[in-house]
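Chemist:
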Amino acid sequence: MACPKQVEWQRSHRYIEFEDYHRPFLFPLEFMSLAIVLVLAVLFNFATIITILRVPSLRQKLGNMLIINLCVMDLITSLGSMLFSFIDIFYEGYFLCAEAFCRIQGGLAVLGCFGNFAAILLIALHQFIGVFAADKTTITSKHIGLMIVGCWVFTLAMVIPSVTGIAATSVYTHGNHHCSPTWVQSCPYYITCVSIIYVITLPSIIICYCTLYWKVKTSREQLVIHEDKVQMDDRNLISKDQGTTSTRTKHDTSTTDQAIINDLSDSSSHLNSEVSMTVVKNSSPYSQASYKKLSAVKKSGSCQSGTSKTKSATSAKKKVTQSHEVHFRIALAGGLLCVTTVVCWTPFFVVYPCIRNEENSHTLSVSAMWLAYTNSVLDPIIYAIFDKKLRKAILNHFHFLWR
Numbered sequence: 056m057a058c059p060k061q062v063e064w065q066r067s068h069r070y071i072e073f074e075d076y077h078r079p080f081l082f083p084l085e086f087m088s089l090a091i092v093l094v095l096a097v098l099f100n101f102a103t104i105i106t107i108l109r110v111p112s113l114r115q116k117l118g119n120m121l122i123i124n125l126c127v128m129d130l131i132t133s134l135g136s137m138l139f140s141f142i143d144i145f146y147e148g149y150f151l152c153a154e155a156f157c158r159i160q161g162g163l164a165v166l167g168c169f170g171n172f173a174a175i176l177l178i179a180l181h182q183f184i185g186v187f188a189a190d191k192t193t194i195t196s197k198h199i200g201l202m203i204v205g206c207w208v209f210t211l212a213m214v215i216p217s218v219t220g221i222a223a224t225s226v227y228t229h230g231n232h233h234c235s236p237t238w239v240q241s242c243p244y245y246i247t248c249v250s251i252i253y254v255i256t257l258p259s260i261i262i263c264y265c266t267l268y269w270k271v272k273t274s275r276e277q278l279v280i281h282e283d284k285v286q287m288d289d290r291n292l293i294s295k296d297q298g299t300t301s302t303r304t305k306h307d308t309s310t311t312d313q314a315i316i317n318d319l320s321d322s323s324s325h326l327n328s329e330v331s332m333t334v335v336k337n338s339s340p341y342s343q344a345s346y347k348k349l350s351a352v353k354k355s356g357s358c359q360s361g362t363s364k365t366k367s368a369t370s371a372k373k374k375v376t377q378s379h380e381v382h383f384r385i386a387l388a389g390g391l392l393c394v395t396t397v398v399c400w401t402p403f404f405v406v407y408p409c410i411r412n413e414e415n416s417h418t419l420s421v422s423a424m425w426l427a428y429t430n431s432v433l434d435p436i437i438y439a440i441f442d443k444k445l446r447k448a449i450l451n452h453f454h455f456l457w458r
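Number 57 in this note's numbering belongs to position 2 of the sequence shown; there are no gaps in the numbering.
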């Protein structure tokens with residue numbers, strides 16, 4: 056049953072003159088598109104949160120708590136704003152029946168928007184500190200807790216003016232199935248919100264991920280240079296050993312097997328401090344001919360030491376390479392996250408500025424609002440794509456959905 060204000064609005068010229076309202080294809084298009092976005096946003100964000108909390112290895116990683124915080128912000132947008140817009144598609148104008156309810160819905164939309172940007176900034180700062188200040192600062196669970204609390208305090212502080220009516224009261228916007236702040240009533244509030252997002256938050260995120268990418272790229276280049284230098288030293292050392300072996304062959308043809316073994320032991324002791332025993336075996340003719348005798352007569356401690364050092368160096372190199380790959384994926388995911396957030400939310404602020412008070416077309420209003428909603432779907436997808444452990448855990452926990 057429609058309330059008087061709702062009936063009055065439906066009979067007004069604003070509703071009747073909006074041709075977009077009466078196009079037969081518009082209703083199924085709005086209904087299907089928003090239904091898909093709503094279901095995917097709720098499903099992916101809940102799946103990410105549940106997986107992180109249930110898997111010990113993911114739960115113990117402090118950075119994932121910030122991802123949970125981001126997913127909660129996306130769920131606020133999905134369940135606190137998107138769901139009510141979905142209801143309005145079938146029951147247009149019902150927000151007009153309860154002004155307080157409209158303010159709450161508009162406040163939750165602003166909360167989801169600012170909370171999303173703040174959560175992404177915290178993730179970027181956490182990664183930045185973890186790479187550039189790891190030797191000076193250790194991030195603990197208390198630090199993560201304080202970061203999350205600060206995120207919520209800041210976000211709520213930005214929402215209070217709209218919810219309480221101090222500035223930019225949320226009203227039902229004709230044509231986009233949503234309650235939005237009336238920015239025209241308070242341009243200073245609008246300018247403050249836009250400045251915090253586009254002048255402070257976004258540049259900070261970009262700086263964090265650009266410097267992280269630069270650090271990974273520089274470290275990779277240094278690793279390649281170091282490997283080339285080590286290989287050159289190895290070749291020089293092996294060439295020197297071959298020359299020494301050839302000289303001894305010409306002048307010491309009457310040397311006994313025991314002398315050869317002692318000589319090889321001394322040589323391998325020197326070589327294994329720089330290169331692996333495998334290289335010595337394959338490069339030195341003396342070692343090639345006498346390796347069995349050397350192994351049978353004396354298990355050289357220096358040989359074992361060289362092999363151990365080689366394995367340690369290989370393991371260290373593998374860990375460094377894996378670390379580079381992880382941080383590269385983090386920088387790429389952060390950059391993509393930043394781009395999608397800007398692309399999704401910017402049209403909303405452009406379509407509803409504070410400098411004009413004109414009605415937008417229904418199609419334009421809905422497109423801007425639906426695009427902002429889409430950001431809630433993209434956030435968990437991006438992290439699942441670039442985090443192999445998270446993606447694998449989600450697939451293992453929710454495999455029954457596609458069986």
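Quick reminder that beta carbons are idealized off the backbone N, C-alpha and C, glycines included.
Which same chain residues end up closer than 6 Å to Asn124 when comparing Cβ atoms and leaving out the 5 residues on each side of it in sequence?
Modeler: Hits under 6 Å: Ala174, Ile203.
Chemist: Counting along the chain, where does the beta strand (DSSP E) carrying Thr228 start and finish?
Modeler: First-last of the beta strand (DSSP E) with Thr228: 225-228.
Chemist: Taking only runs that begin and end inside the region 128-164, name each unbroken beta strand (DSSP E) of 3 or more residues, in chain order.
Modeler: none
Chemist: Please state the DSSP three-state secondary structure of Cys409.
Modeler: For Cys409, the secondary structure class from DSSP, reduced to helix, strand or coil, is coil.
Chemist: Between Ser225 and Gly135, is the Cβ-Cβ spacing less than 9 Å?
Modeler: no
Chemist: Can you tell me whether DSSP reads Ser235 as helix, strand or coil?
Modeler: For Ser235, the three-state secondary structure derived from DSSP is strand.
Chemist: Within this structure, are the beta carbons of Val186 and His382 separated by less than 9 Å?
Modeler: yes
Chemist: By the three-class DSSP mapping on this structure, what secondary structure does Ile194 have?
Modeler: The answer is coil: DSSP assigns Ile194 none of H, G, I, E or B.
Chemist: Can you tell me whether Asp442 is helix, strand or coil according to DSSP?
Modeler: Asp442 falls in the coil class under three-state DSSP.
Chemist: Our contact map puts Leu151 next to Lys60 with C-beta atoms below 8 Å; I'd like the distance itself, whole angstroms only.
Modeler: The pair is a contact, with the Cβ atoms about 4 Å apart (cut-off 8 Å).
Chemist: Who are the Cβ neighbours of Val92 in its own chain at under 8 Å, not counting the five residues just before and after it?
Modeler: Met137, Trp425, Tyr428, Thr429, Ser431, Val432
Chemist: When burial is assigned at 16 or more other CB atoms within 10 Å of the CB, is Phe145 buried or exposed?
Modeler: exposed
Chemist: Asp143 to Ala386, Cα distance in whole Å?
Modeler: Their Cα atoms are separated by approximately 39 Å.
Chemist: Whose CA, out of Gly118, Pro83, Thr418, lies closest to the CA of Val406?
Modeler: Thr418
Chemist: How close, in whole Å, do the beta carbons of Lys447 and Leu113 come, if the pair is a contact with beta carbons under 8 Å?
Modeler: In fact, because the Cβ distance is near 10 Å, the residues do not count as touching under 8 Å.
Chemist: If we ignore side chains and look at the alpha-carbon of each, how far apart do Ala188 and Leu117 end up?
Modeler: 16 Å
Chemist: How far does the alpha helix (DSSP H) with Tyr245 in it extend, from its first residue to its last?
Modeler: 242-250
Chemist: State buried or exposed for Val110, treating a residue as buried only when at least 16 other CB atoms are found within 10 Å of its CB.
Modeler: buried
Chemist: Which same chain residues, not among the five before or five after His233, have their C-beta less than 6 Å away from its C-beta?
Modeler: The residues are Ser140, Met424.
Chemist: Taking the alpha carbon of Gly390 as the reference point, which residue from Leu84, Asn231, Cys263, Leu450 has its own alpha carbon closest?
Modeler: Cys263
Chemist: Is Gln115 buried or exposed, if buried means 16 or more other CB atoms sit within 10 Å of its CB?
Modeler: It is exposed - the Cβ of Gln115 has fewer than 16 other Cβ atoms within 10 Å.
Chemist: Should Ala96 and Asp129 be called a contact, given that it needs their Cβ atoms to be closer than 9 Å?
Modeler: Contact: yes.
Chemist: Flag Ser88 as yes if its beta-carbon sits less than 9 Å from any beta-carbon of chain D, otherwise no.
Modeler: Looking at the structure shown, chain D is missing, and only one protein chain is on hand.
Chemist: Along the chain, where does the alpha helix (DSSP H) containing Ile107 start, and where does it finish?
Modeler: 81-109
Chemist: Quick one, which of Met213, Ala164, Thr247, Ile261 has its alpha-carbon nearest Leu177's?
Modeler: Ile261
Chemist: Rounded to the nearest angstrom, what separates Val218 and Ile159 at their Cα positions?
Modeler: The C-alpha of Val218 lies about 6 Å from the C-alpha of Ile159.
Chemist: Please state if the CB of Asp434 and the CB of Thr396 are separated by a distance shorter than 9 Å.
Modeler: yes
Chemist: Rounded to the nearest angstrom, how far is the Cβ of Phe169 from that of Thr210, given a contact under 8 Å?
Modeler: 5 Å
Chemist: Distance, Cα to Cα, Pro408 vs Val254?
Modeler: 17 Å
Chemist: Using beta-carbon positions only, say whether Ala164 and Ser235 come within less than 9 Å of one another.
Modeler: yes
Chemist: If you measure between the beta carbons of Asn231 and Asn119, is that distance less than 9 Å?
Modeler: no
Chemist: Does the separation of the CB atoms of Ile184 and Thr192 fall below 9 Å?
Modeler: yes
Chemist: Who are the Cβ neighbours of Ile252 in its own chain at under 7 Å, not counting the five residues just before and after it?
Modeler: Phe172
Chemist: Leaving aside the five residues before and after Arg384 along the sequence, list all residues of the same chain whose C-beta is less than 8 Å from its C-beta, in chain order.
Modeler: Phe441, Asp442
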